[in-house]
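Asks:
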Amino acid sequence: MNISRAGDGGTPPSEGSGYDKRRARTQRIVLDATRELLAENGFDKLTVEGVAARSGVAKTTIYRRHRSKNDLALAVLLDMVDEVSTQPYVADTGAELITLVDRTVELMTTTLMGLVMKGLVSEVAADPELARVYREQVVSNRVADVSALVERGVSRGELRPDLDPEMVTDLLLGPIYYRFFLSGAPMDSGFGKRLVSTLLPSFTTPGGSSPE
1 MNISRAGDGG TPPSEGSGYD KRRARTQRIV LDATRELLAE NGFDKLTVEG VAARSGVAKT
61 TIYRRHRSKN DLALAVLLDM VDEVSTQPYV ADTGAELITL VDRTVELMTT TLMGLVMKGL
121 VSEVAADPEL ARVYREQVVS NRVADVSALV ERGVSRGELR PDLDPEMVTD LLLGPIYYRF
181 FLSGAPMDSG FGKRLVSTLL PSFTTPGGSS PE
């Protein structure tokens, strides 16, 4: 799988060449068609043949870049990751944590991105290459959001300076993914506040931030 570069295989031409631009346009057409089909029919019914028919791009061209429908769905997911940030910007760390959880819940439960993630979860577990790209380009974005929040909280004196951002990410987002992928338990409008209220005492310095 080669997600990082638009194109249809072969020896890479010089940067900015007309051929390079045509390959990028073709990739854009393929991703847009894949996104449309995912939105219309879901992950289970996605096929390379369907994407070829919708996009007008030959199957052989699509297969040069994407091994399977899983690669196509992941490419769409990576395309959407750049459009979405769960990182909040407010003055209080407790409120920031709640906002981050609430935005993540909304992203997972109401958007195409969540639908694609649910479709890919078993494939990521079974395919090491898919898992590597997913970790490097999807998970890393969420860790970066939480890391920036933790840094601000530490600078305000509201969070402990020894906090591990990756552990905070696991503790904040793990319950969301567990409910979304496994238990199916509801995540209502108060879920973020309840979760943060449970976790925040272990993150804060004495007298630090608390959810309102």
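In the UniProt record's numbering, the protein residues as written are 1 to 212.
Here a beta-carbon is modelled for each residue, glycine too, at the ideal position from N, C-alpha and C.
Inspect the beta-carbon positions of T61 and T26 and report whether they are closer than 8 Å.
Replies: Yes.
Asks: Counting pairs of Cβ atoms below 8 Å between the region 132-142 and the region 68-80, do you hit three or more?
Replies: Short answer: they touch.
Asks: For the alpha helix (DSSP H) that F203 lies in, which residues bound it at each end?
Replies: 191-203 is the span of the alpha helix (DSSP H), which, as asked, contains F203.
Asks: Please check the pair S55 and V30, which I expect to be a contact at CB under 8 Å, by giving their CB distance rounded to whole angstroms.
Replies: About 5 Å separates the two Cβ atoms, so the contact holds.
Asks: Please list the terminal residues of the continuous alpha helix (DSSP H) segment that includes Q27.
Replies: Looking at the DSSP string, the run of the alpha helix (DSSP H) that includes Q27 is 18-41.
Asks: Taking the Cβ atom as the reference point for each residue, do T93 and E158 lie within a distance shorter than 8 Å?
Replies: In this structure, E158 lies closer than 8 Å to T93 by Cβ.
Asks: If I measure Cβ to Cβ from S189 and keep anything under 7 Å in the same chain, skipping five residues before and after, which residues do I get?
Replies: Cβ neighbours of S189 beyond the five flanking positions: none.
Asks: Could you give the DSSP three-state label for L46: helix, strand or coil?
Replies: Correct three-state label for L46: coil.
Asks: Quick one: give me the first and last residue of the alpha helix (DSSP H) that E96 is part of.
Replies: Taken as a continuous stretch (DSSP letters only), the alpha helix (DSSP H) holding E96 covers 93-110.
Asks: Out of L97, K45, A53, which one is the CA nearest neighbour of L200?
Replies: It is L97.
Asks: Anyone know if the C-beta pair for V196 and P165 falls short of 8 Å?
Replies: Going by C-beta atoms, V196 is not nearer than 8 Å to P165.
Asks: Tell me where the alpha helix (DSSP H) around G153 begins and ends.
Replies: Here the alpha helix (DSSP H) through G153 covers 140-156.
Asks: Give me the Cα-Cα distance between I3 and H66, rounded to the nearest whole angstrom.
Replies: Note that I3 scores 46 on pLDDT, short of 50, meaning its location in the model is unreliable and no value can be drawn from it.
Asks: How close, in whole Å, do the beta carbons of F180 and M80 come, if the pair is a contact with beta carbons under 8 Å?
Replies: The pair is not a contact, with the Cβ atoms about 17 Å apart (cut-off 8 Å).
Asks: Go through its chain and collect everything with a Cβ distance to T38's Cβ below 7 Å, but skip five positions before and after it.
Replies: The sequence given here places Leu at residue 38; Thr does not occur at that position. Contacts found: L46, A73, V76, L112, L115, V116.
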